[in-house]
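Heads up: the structure comes next, in C-alpha cells.
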Ligand SMILES: [Zn+2]
C-alpha cells in the first residue's frame, strides 16, 4: 500500500535542490503553432497512422512526439512542463515588476523583489566567495564532543518532508520534520520525524548491485571529492571516501520506499523519554534542544528502524567523519547561492548524471524558484491577481460540484460495497473541503526578513522561517484551510488527514482547463485530475482515514477484499508495461495512483455527461463529443523523458510514466465505443478484464 497523492511527482533533482524547492521549466524551443479544430483539440498532435486501439498515447500524441525535442535544460518535457514553463515566465515578470517598484520596506512586494534581485546578482555572490558560509563551517569545526555533534545535527532539522500531502520523503539532513494532524487524534498537530541524511535520492542508489548504480556511485564519490577540492579542503579524496561510506551505512539503516509509504507502518508514537532507550547513540536532549523541540512530549517516528540505526551510527562513527560529512552537507545545501564553480559542479552530478539533463537552467528560472520557495504565497497572491480571474474560479468550482455529484452517484451504484460503508463514504464526501485556485487566507510573512545582497542568508532565513511556522502549529488548533501547494504550482493534491483537496490556479490553464473551449475538453483533462484527487479520499488509502481524518479503517473486510482483487488485476496490467527491455513499471509501487487514474477518468466522464443532462457533447473537427473527451485526456499526458530520468522515475515515482497513464482509457467501456476498439487490438481488454474499482 502506497501513499501518493499529488498529480505529478516533484522530480528528485528538484528535491535535491535543498534550499530551493519547486521545479520550474523553460521553453527553449516553441513548438510549431498547432492546427486547432473548432472543438479546441490539437489535431496536428495526432498520429492517424496508428489505430487508437493499438496505441492510444501515440494516436493522440504522435504528431507532437515526432516534432518535439526535450529542451537541453530539461530531463523530461510534456504538457505539465510546458505549462510550468509558461507559468514560471509569468511569475518571473511579476517578480521583476515587484523588484522595479518594490513598495515600502517590510512589504511582501519588497521582500519578493529583494529575494529575486539578490539571487540574480551573481557579481556579489562571486565577490563574497565562501564568506557567507563561513559561520556555518566554523560551527561545525567547533564541535568537539557528542553533545556538540547532536546540537549541530539538531540545528539542521527543517520542515522539509511530508508523508501524506506533498509526499516528499527525501531530506539531505539527517532527519526531516513534518508537522501535521495527528493520525490518531486529528484535533491536534503532531511532529513527525523522518529518515534522511543521503545525498542521492534513495537507498537503492547506495545498495543496488547493478553496474549502472555502481557507476552512479563512482560518479557521486567523485562529485563529493570535487566539491571538497573546490572548497579548498585538504585530503579531499580520503574524506570523500569516508563521507560516502557513512552515507552508505545510513542507507543500510533506511527503510525502503514502499515501506516508508505505508501509513500503517509509519504511525508510531514515541514518547520523548523513549528515544534514548529505543534509539541509543545520539544525544537526543541536545538534538531536540537545538531543533527547538525540547518541549515536545510525543513524536511520530515514521521509520523506527532507521531512527535506531542512524542514531547508532552517530555514536559508532568517528566524530571527525561526522564533521567532514556535515561540512560537505553545508556546501551542498548552500551550492545554489555560492559562486558559479559550486553551482556547476552540483549540476554536473545532479543534473547530468542523475537526470541526464545536458544544460543547467537559466539563472532567472532558478531565481524564480528560490523566490517561490522563500515567499510562496506572497508570489502566489501576485500571480492569482494577474492570471486567475474570478470567472475561472467559478468555472472550475462548477466542475468540482459536478464531479462530486458524479462520484456520489457512483458510490450509490456500487454493487460490491456494504451499505454501511456506502453511508460512511457519502458522509465523507459531504465534508470534503475542495480548494480551488488559492487559499482563503494568505500566509503572513511579517517575521521573515530579507536582506539585499545576502543570497545565502535569505535562503537560510526562509527555510528557518518555514520551520518555525511549522513549529508554531504544535499546540495550535488544526487549520483545514491551510494549503500545501503554492497557487503558481502546476500540480494538484489530496490531503487525506485534512479531507481536503488543493487545485492551484496554475493547473487551471490550458491544456488542462480552458474557458475558451467546450467544457467536454476540460472534463477530459482537469476533470480527470479532479476525479483522481477525489477518489484518493475513498480508495484503499482513503479507507484508512475517516471523515475527520482519523486513521481508522471504515471499510468492512469484504469491501477491502473486493478492492484488493481489482487492485491486483490493475497491478498486473501495469507490470506488463516495459519502457525498457530490462525495466518495467512497478505495478505495486504505482497501484494507488493507477487506481486513482481509472477512477478519476470514470468520474470525469460521468460528470461531463451529467453537466449536459446525460447527453453526449457536440462533436467538432470530425470527432465526436466522447472522442473529444478521451483525446483531451491523452493529450494532457503527453510527455517525453530522457533515459536516466525515466529510469529514476521507475524506481522512486509512485506514478506510472505519462504514456501508461494515458492508456488508462482501456478500462472504460465508453472508450471502446467511442473509438470502435475491437478484440485483437493491442490495448483491447475483454469486458471482464477491464478494472472497475468505482
Ligand atoms: Zn494521485
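Residue numbers (our numbering): 33 to 726.
Glycine residues also receive a C-beta, built at the ideal position from the N, C-alpha and C atoms.
All figures in this text were calculated on a predicted structure; none of them were measured in a lab.
In DSSP terms, what residue i is bridged to
| i | result |
| --- | --- |
| residue 221 | 213 |
| residue 536 | 469 |
| residue 356 | Beta-bridge pairing links residue 356 to no other residue. |
| residue 516 | In the DSSP output, where bridge partners are listed per residue, residue 516 has none listed. |
| residue 208 | 226 |
| residue 583 | 577 |
| residue 599 | For residue 599, which the question treats as bridged, DSSP gives no partner whatsoever. |
| residue 742 | Because residue 742 is not part of the residues shown, which for the chain are 33 to 726, the question remains open. |
| residue 374 | Answer by DSSP bridge pairing: none, since residue 374 is not bridged. |
| residue 612 | 615 |
| residue 79 | According to DSSP, residue 79 bridges with nothing at all. |
| residue 194 | 200 |
Any non-hydrogen atom of ligand 1 within 7 Å of residue i CB
| i | result |
| --- | --- |
| residue 435 | no |
| residue 628 | yes |
| residue 564 | yes |
| residue 594 | no |
| residue 19 | There is no way to answer for residue 19, as the model of the chain reaches only from 33 to 726. |
| residue 625 | yes |
| residue 286 | no |
| residue 301 | no |
Endpoints, the alpha helix (DSSP H) within which residue i is located
| i | result |
| --- | --- |
| residue 143 | 140-152 |
| residue 630 | 623-643 |
| residue 527 | Taken as a continuous stretch (DSSP letters only), residue 527 belongs to no alpha helix (DSSP H), being part of the beta strand (DSSP E) at 525-527. |
| residue 277 | 268-285 |
| residue 558 | Looking at the DSSP string, residue 558 is not in any alpha helix (DSSP H), and its letter there is neither H nor E. |
| residue 180 | 178-186 |
| residue 422 | 422-445 |
| residue 401 | 395-406 |
| residue 171 | 166-173 |
| residue 458 | 451-462 |
| residue 94 | 88-99 |
| residue 496 | 487-505 |
| residue 554 | 551-554 |
N-terminal and C-terminal residue of the beta strand (DSSP E) that residue i is part of
| i | result |
| --- | --- |
| residue 5 | In the structure as shown, the chain starts at 33 and stops at 726, and residue 5 therefore has no counterpart that could be examined. |
| residue 108 | 108-110 |
Residue-level contact to chain C via CB, residue i, 8 Å cutoff
| i | result |
| --- | --- |
| residue 645 | The structure shown contains no chain C; it is built from a single protein chain. |
What residue ranges within the stretch 216-266 form continuous beta strand (DSSP E) runs of no fewer than 3 residues, ordered along the chain?
221-227
Hey, which unbroken runs of the alpha helix (DSSP H) at 4 residues or more fall wholly within the stretch 292-342?
295-298, 307-310 and 316-322
Using 8 Å as the Cβ pair cut-off and three pairs as the minimum, do the stretch 498-518 and the stretch 434-450 touch?
no
Quick check: the stretch 417-429 against the stretch 472-491, are at least 3 beta-carbon pairs closer than 8 Å?
no
Okay, do the stretch 299-318 and the stretch 263-281 touch, 3+ Cβ pairs below 8 Å being the bar?
By the criterion of at least three beta-carbon pairs nearer than 8 Å, the stretch 299-318 is not in contact with the stretch 263-281.
Evaluate contact between the stretch 225-236 and the stretch 284-302, counting only Cβ atoms and requiring at least three cross-stretch pairs below 8 Å.
yes
Would you call the stretch 574-581 and the stretch 638-654 in contact, with 3 or more CB pairs under 8 Å?
no
Unbroken beta strand (DSSP E) runs of length 3 or more, entirely within the stretch 638-720: which are they?
671-673
Are there three or more Cβ pairs, one per stretch, closer than 8 Å when the stretch 653-663 is compared with the stretch 552-566?
yes
Quick check: the stretch 103-116 against the stretch 372-380, are there 3 or more CB pairs under 8 Å?
no
Does the stretch 692-705 come into contact with the stretch 115-130, if we say contact requires no fewer than three beta-carbon pairs (one atom in each stretch) closer than 8 Å?
no
So does the stretch 462-474 actually touch the stretch 592-606, counting three or more Cβ pairs closer than 8 Å?
no
At least 3 beta-carbon pairs within less than 8 Å: the stretch 351-367 vs the stretch 169-181
yes
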